[in-house]
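Pasting the structure below:
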């Protein structure tokens, strides 16, 4: 039986001084690279929107040591990712990184102010120029993933092959429509994990298992779920954050073996990188913890957001 273990990708947003946190100089960045190489993590995810990240990854020759994925901003900068601008964005990305092409090039988020068909025309031009190998969508609703796929197929553009979005033990609505759509279309799911490490304060009352997006999860059911999560972690003999990460990687709908799925983890310190990578080595949370997590989902299911926070 093939392993379900997903590909592990490092989120490159904290790389470089322009990020105002994380790894601000060549020495600290080099240590990040060595930690990733030692663990077998061979891909870094970045974006034009992560100010300074692409520049510093290029300055430190990340592209000679890792596979790089990047993104045009899409709706994160309204009106910026037009069909005309996208090829230029992609060109600037590979020039900053010092590579001939990136692997996955995403539209970072949907932009309702722009025509999707025009954006996809720009993606096609960037693809023909050789700036990327695979096209990705990030934070799109299921219906818009289908629409983008249909347009690309009709026009002969590169089909979307990777989807990047949010999904966790207490935000599982993607299982109803989004993930089945991805499976039907043969699109891999790259799941965005939040910054690891108990020292990050991730599981304060205002931050349960995933970012709270300005109070999105700040509801009584989620506070109850936090209490139950603490119990589940104690019973499993691990930290709350570790339980969340391992469930997504090994016990959720994510399936690296069959579908080529991945998890993208972030960190602001070297110790968080070491700690998070150690969690992934431990595999499944076990049947008892899985059952308890399913019960926790029932507590919050009626309050769970229906889409990614950046979807419109």
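Residue numbers (full-length UniProt numbering): 1 to 312. Don't be surprised by glycine CBs; every beta carbon is placed ideally from N, CA and C.
Start-to-end residues for the alpha helix (DSSP H) that takes in residue i
i           : result
residue 122 : 116 to 128
residue 138 : Element bounds for residue 138: not the alpha helix (DSSP H) but the beta strand (DSSP E), 132 to 138.
residue 219 : Neither: residue 219 is in no alpha helix (DSSP H) and is coded neither H nor E.
residue 190 : That residue, residue 190, is in no alpha helix (DSSP H); its beta strand (DSSP E) goes 188 to 192.
residue 340 : Absent from the structure is residue 340, since the part of the chain shown begins at 1 and ends at 312.
residue 249 : 240 to 250
residue 294 : 287 to 300
residue 45  : From DSSP, residue 45 is part of no alpha helix (DSSP H) but of the beta strand (DSSP E) over 43 to 45.
residue 76  : It is not in any alpha helix (DSSP H) - residue 76 carries neither H nor E in the DSSP assignment.
residue 85  : 85 to 97
residue 258 : 256 to 259
residue 280 : 270 to 280
residue 51  : Premise fails: residue 51 is in no alpha helix (DSSP H) and is neither H nor E.
residue 316 : Not covered by the structure: residue 316. The range shown for the chain is 1 to 312.
Sub-7 Å separation of residue i and residue j beta-carbons
i           : j           : result
residue 99  : residue 70  : no
residue 160 : residue 148 : yes
residue 187 : residue 253 : no
residue 176 : residue 7   : no
residue 97  : residue 54  : yes
residue 14  : residue 172 : no
residue 138 : residue 164 : yes
Buried or exposed (CB count within 10 angstroms, at least 16 for buried), residue i
i           : result
residue 293 : buried
residue 37  : exposed
residue 237 : exposed
residue 89  : buried
residue 115 : exposed
residue 112 : exposed
residue 58  : buried
residue 227 : exposed
residue 130 : exposed
residue 287 : exposed
residue 232 : buried
residue 156 : exposed
residue 62  : buried
Contacts around residue i, its chain only, beta-carbon distance under 7 Å, and the 5 residues preceding and following it disregarded
i           : result
residue 225 : 170, 208, 296, 299, 300
residue 26  : 60
residue 282 : 246
residue 230 : 240
residue 12  : 44, 45, 46, 50, 53, 57
residue 42  : 66, 67
Span of the beta strand (DSSP E) around residue i
i           : result
residue 315 : The displayed coordinates of the chain run from 1 to 312. Any statement about residue 315 would go beyond what the structure contains.
residue 103 : 102 to 107
residue 265 : 262 to 265
residue 9   : 7 to 11
Beta-carbon proximity list for residue i, same chain, < 6 Å, skipping 5 on both sides
i           : result
residue 73  : 48, 49, 80, 81, 108
residue 277 : 39
residue 270 : 31
residue 122 : 83, 86, 87
residue 200 : Only weak support is given to the placement of residue 200: the predicted model assigns it a pLDDT of 39, under 50, and the value that follows is read from those uncertain coordinates. Contacts found: none.
residue 174 : 167
residue 35  : 273
residue 260 : 188
residue 24  : 17
residue 151 : 117, 120
residue 182 : 163, 189
residue 143 : none
residue 75  : 109, 110, 111
Nearest-angstrom Cβ-Cβ length linking residue i and residue j, presumed shorter than 8 Å
i           : j           : result
residue 132 : residue 105 : 3 Å
residue 190 : residue 145 : Wrong, their Cβ atoms sit about 13 Å apart, outside the cutoff.
residue 94  : residue 264 : With 8 Å as the limit, residue 94 and residue 264 do not qualify as a contact, their Cβ atoms being about 20 Å apart.
residue 68  : residue 46  : 7 Å
residue 235 : residue 291 : At roughly 11 Å, the Cβ-Cβ gap does not stay under 8 Å, so residue 235 and residue 291 are not in contact.
residue 127 : residue 140 : Wrong, their Cβ atoms sit about 18 Å apart, outside the cutoff.
residue 248 : residue 185 : The pair is not a contact, with the Cβ atoms about 21 Å apart (cut-off 8 Å).
Residues near residue i in its chain [Cβ-Cβ closer than 8 Å; skip 5 each side]
i           : result
residue 4   : 250, 254, 255, 256, 257, 258
residue 221 : 299, 300, 302, 303
residue 91  : 126, 129, 131
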